[in-house]
Amino acid sequence: MPRTRATAQGAHEPSRGVDVLVIGGGIIGLATAWRTAQHGLSVAVVDPTPGGGAAQVAAGMLAAVTELHYGEQALLALNLESARRYPDFSAELEECTGQEVGYRPCGTLAVALDSDDRAHLRELHALQQRSGLESQWLSGRECRRLEPMLAPGVRGGLRVDGDHQVDPRRLTSALVTACERAGVVFHHHWAQALTVHGDRAVGVRLADGRELHAEQIVLAGGSYSRDLEGVPPHVLPPVRPVKGQILRLTVPAAFAPFLSRTVRAVVRGGSIYLVPRQDGELVVGATSEELGWDTTVTAGGVYELLRDAHELVPGITELPLVETRAGLRPGTPDNAPLLGPTALPGLLVATGHYRNGVLLTPLTADVMASALVCGVLPDEALPFAPHRFSPLAQEHSA
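Going by numbering that gives the first Met the number 0, the letters in the sequence shown line up with residues 0 to 397, in that order.
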């Protein structure tokens, strides 16, 4: 196919086509584009606002151990492997761009406020131990010794030093820069329709009517991955939007240090977490609402987050509230990602990461680059191939 030509600035400008066209410039699409371009392929990204997406509303917890759930052993392995790659991934990105991404190996403390929550944490601790994961049970007093701002009523908790954090906004900004330096071309438009010739995906039509052509197309549109016209029904990724509201506060110097690590709990059956940044920002989240495409910040959502955060850390009500925001997580029927080639030749997907999009960024980039460059989906990604939701696959698993 026609190759790209270099501009005077060293970037690549597509002539008739590129090797890889990524639809979606969120954190997953950007990381995929960057890693693929590093392997020498010509890459373009289609997105009206690259660097946007769900990551702009995410807290950036890298909590593979703390967020373990029953029946998610395959996803646990994927999460752990991606968490293992994060130090090198963030260091490489910072060296490439000169931008900090806010990676902090600060650990996580999950606490219980009543006897029911304490029993739940005990069960989680047992599951972690059976899974070979490192976590330490602490008494309420030991929890407050670690984090003095915790409420006096804390009944116990789990210390997980291996669960870290990153700043998703800094990370996506750095990924945009890294893509530009790797020669990735950005088309600041919506992708309206997939172009299919014969039995193969060959490009996309933009909202302005222009046609872009590529040898391979990656659909990485997050919650919007089902909105691309022209995708055969049996290939459409089964993703749905899950609304999440989040708060950002500032810790004035007089209150510092407020928290030294991520603190989380279950309050009234809902999860609450507080993620402190080195720059004094404190992220509080998040709701989980099955409300379709609604991204309204509601008084009820803000109230519930502040109420639950106050029960966990009473001093939070003294902090300035600087931002309220809502975003959409891309969920799937099993809440695990979709990675790799689809049943339509030329079309791959990288979407459906749900609550683990930021955590899975390094591994997703490597997995998709392998699929695009070598035509091989690595073993760790095989359980998350998109064909698992095909009627035939579901019939075999029944």
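We put the CB at the ideal spot given by N, CA and C, even for glycine.
Q | the segment 194-209 contacting the segment 159-169, beta-carbon criterion three pairs below 8 Å | A | no
Q. Can you check whether the CB of alanine 335 is closer than 7 Å to the CB of leucine 74?
A. In the sequence shown, the residue the question calls residue 74 occupies position 75. In the sequence shown, the residue the question calls residue 335 occupies position 336. Cβ distance < 7 Å, so leucine 74 and alanine 335 count as in contact.
Q. Can you name, in chain order, every residue of its own chain whose Cβ lies under 8 Å from the Cβ of threonine 363, other than the five neighbours on each side?
A. What you label residue 363 is simply residue 364 of the sequence shown in a count that begins at 1. For threonine 363, where only same-chain residues beyond five positions count, the Cβ hits under 8 Å are Ile27, Ala30, Thr31, Ser81, Pro336, Leu338, Ala349 and His352.
Q. So threonine 249 packs on valine 195, CB below 8 Å; how close in whole Å?
A. On the sequence shown, residue 249 is found 250 positions in, with the first residue counted as 1. On the sequence shown, residue 195 is found 196 positions in, with the first residue counted as 1. With a Cβ gap of about 50 Å, threonine 249 and valine 195 do not count as contacting.
Q: Starting from the Cα of glutamine 277, find the closest Cα among His163, Ser369 and His309 and give me that residue.
A: As a first step, residue 277 must be located in the sequence shown, where it is residue number 278. Measuring from the Cα of glutamine 277, the nearest candidate turns out to be His163.
Q) Would a C-beta distance cut-off of 7 Å place glycine 39 and histidine 212 closer than the cut-off? A) To locate residue 39, count along the sequence shown from 1; it is residue 40. To locate residue 212, count along the sequence shown from 1; it is residue 213. The answer is no: Cβ separation not under 7 Å.
Q: Check the C-beta distance from alanine 326 over to valine 238 and give it rounded, since I have them as a contact under 8 Å.
A: Here the question's residue 326 lines up with position 327 in the sequence shown. Here the question's residue 238 lines up with position 239 in the sequence shown. The sequence shown places glycine at residue 326, not alanine. 14 Å between Cβ atoms; not a contact.
Q: Could you pull out every unbroken beta strand (DSSP E) segment of at least 3 residues lying fully inside the segment 3-81, listed in chain order?
A: 17-22 and 42-45
**Q.** Secondary structure of arginine 129, DSSP reduced to three states
**A.** Indexing the sequence shown from 1 puts residue 129 at position 130. Correct three-state label for arginine 129: helix.
Q) Which two residues bound the contiguous alpha helix (DSSP H) that contains leucine 381? A) Walking along the sequence shown from the start, residue 381 turns up at place 382. No alpha helix (DSSP H) holds leucine 381; DSSP gives it neither H nor E.
Q) To the nearest whole angstrom, what separates the beta carbons of alanine 380 and valine 357, a pair I think is in contact under 8 Å? A) For the purposes of this step, residue 380 is identified with residue 381 of the sequence shown, where counting begins at 1. For the purposes of this step, residue 357 is identified with residue 358 of the sequence shown, where counting begins at 1. Not confirmed; about 18 Å, so no contact.
Q: Give every residue of the same chain whose Cβ lies closer than 7 Å to the Cβ of glycine 269, excluding the five residues on either side of it in the sequence, and list them in chain order.
A: Mapped onto the sequence shown, residue 269 falls at position 270. Answer for glycine 269: Asp307, listed in chain order.
Q. Among Ile271, Pro147, Ala111 and His188, which one has its Cα closest to the Cα of glycine 23?
A. Within the sequence shown, the letter at position 24 stands for residue 23. Here the closest residue by C-alpha is His188.
Q: Would you list the one or two residues that DSSP bridges to phenylalanine 88?
A: Residue numbering aside, residue 88 sits at position 89 when the sequence shown is read from its first letter. Its beta-bridge partners do not exist; DSSP assigns none.
Q. Which word fits cysteine 373, buried or exposed, when buried means at least 16 other C-beta atoms lie within 10 angstroms of its C-beta?
A. Residue 373 sits at position 374 when you count from the first residue of the sequence shown. The residue in question, cysteine 373, is exposed, as its Cβ has fewer than 16 Cβ neighbours within 10 Å.
**Q.** Reduced DSSP category for tyrosine 272 - H, G, I as helix; E, B as strand; rest coil
**A.** As a position in the sequence shown, residue 272 is number 273, starting the count at 1. Tyrosine 272: strand per DSSP, three-state reduction.
Q) Since serine 259 is in the alpha helix (DSSP H), which residue starts that stretch and which ends it? A) By 1-based counting over the sequence shown, the position of residue 259 is 260. Unbroken run through serine 259: none, as it is neither H nor E.
Q. How big is the Cα-Cα spacing for glycine 51 and alanine 370?
A. Position 52 of the sequence shown, counting from 1, holds the residue named residue 51. Position 371 of the sequence shown, counting from 1, holds the residue named residue 370. Using only the alpha carbons, I get a separation of about 25 Å.
Q.
Taking the beta strand (DSSP E) that histidine 212 belongs to, which residues open and close that run?
A. Taking the sequence shown and counting its residues from 1, the one referred to as residue 212 is at position 213. 210-218 is the span of the beta strand (DSSP E), which, as asked, contains histidine 212.
Q.
Would cysteine 142 and valine 153 be called neighbours here (beta carbons separated by less than 7 Å)?
A. Walking along the sequence shown from the start, residue 142 turns up at place 143. Walking along the sequence shown from the start, residue 153 turns up at place 154. Result yes, Cβ atoms of cysteine 142 and valine 153 sit closer than 7 Å.
Q) Roughly how many whole angstroms lie between the Cα atoms of glutamine 37 and aspartate 113? A) As a position in the sequence shown, residue 37 is number 38, starting the count at 1. As a position in the sequence shown, residue 113 is number 114, starting the count at 1. Each residue's Cα considered, the two are about 50 Å apart.
Q. Taking the runs of the alpha helix (DSSP H) that are 4 residues or longer, which of them lie wholly in the segment 323-380?
A. 360-372
Q) Can the beta-carbon of proline 344 be found less than 7 Å from the beta-carbon of arginine 199? A) Reading the sequence shown from its first residue, position 345 is the one you call residue 344. Reading the sequence shown from its first residue, position 200 is the one you call residue 199. Yes.
Q | Buried or exposed (CB count within 10 angstroms, at least 16 for buried), glutamate 66 | A | Here residue 66 refers to the residue found at position 67 when the sequence shown is read from its first residue. That one is buried.
Q. Is there contact between the segment 180-187 and the segment 127-141, where contact requires at least three CB pairs shorter than 8 Å?
A. no
Q: Identify the continuous alpha helix (DSSP H) that holds glutamate 310 and give its terminal residues.
A: Translated into the one-based positions of the sequence shown, residue 310 becomes position 311. Looking at the DSSP string, the run of the alpha helix (DSSP H) that includes glutamate 310 is 298-311.
Q: Establish whether the CB of tyrosine 69 and some CB of chain B are separated by less than 7 Å.
A: The structure shown contains no chain B; it is built from a single protein chain.
Q) Roughly how many angstroms separate the alpha carbons of valine 312 and glutamate 93, rounded to a whole number? A) As a first step, residue 312 is located in the sequence shown; it is residue number 313 there, counting from the start. As a first step, residue 93 is located in the sequence shown; it is residue number 94 there, counting from the start. Their Cα atoms are separated by approximately 33 Å.
(Q) So the candidates are Glu317, Ala253 and Thr341; which of them puts its Cα closest to the Cα of valine 230? (A) Locating residue 230 in the sequence shown gives position 231, where the first residue counts as 1. The candidate whose alpha carbon is nearest that of valine 230 is Thr341.
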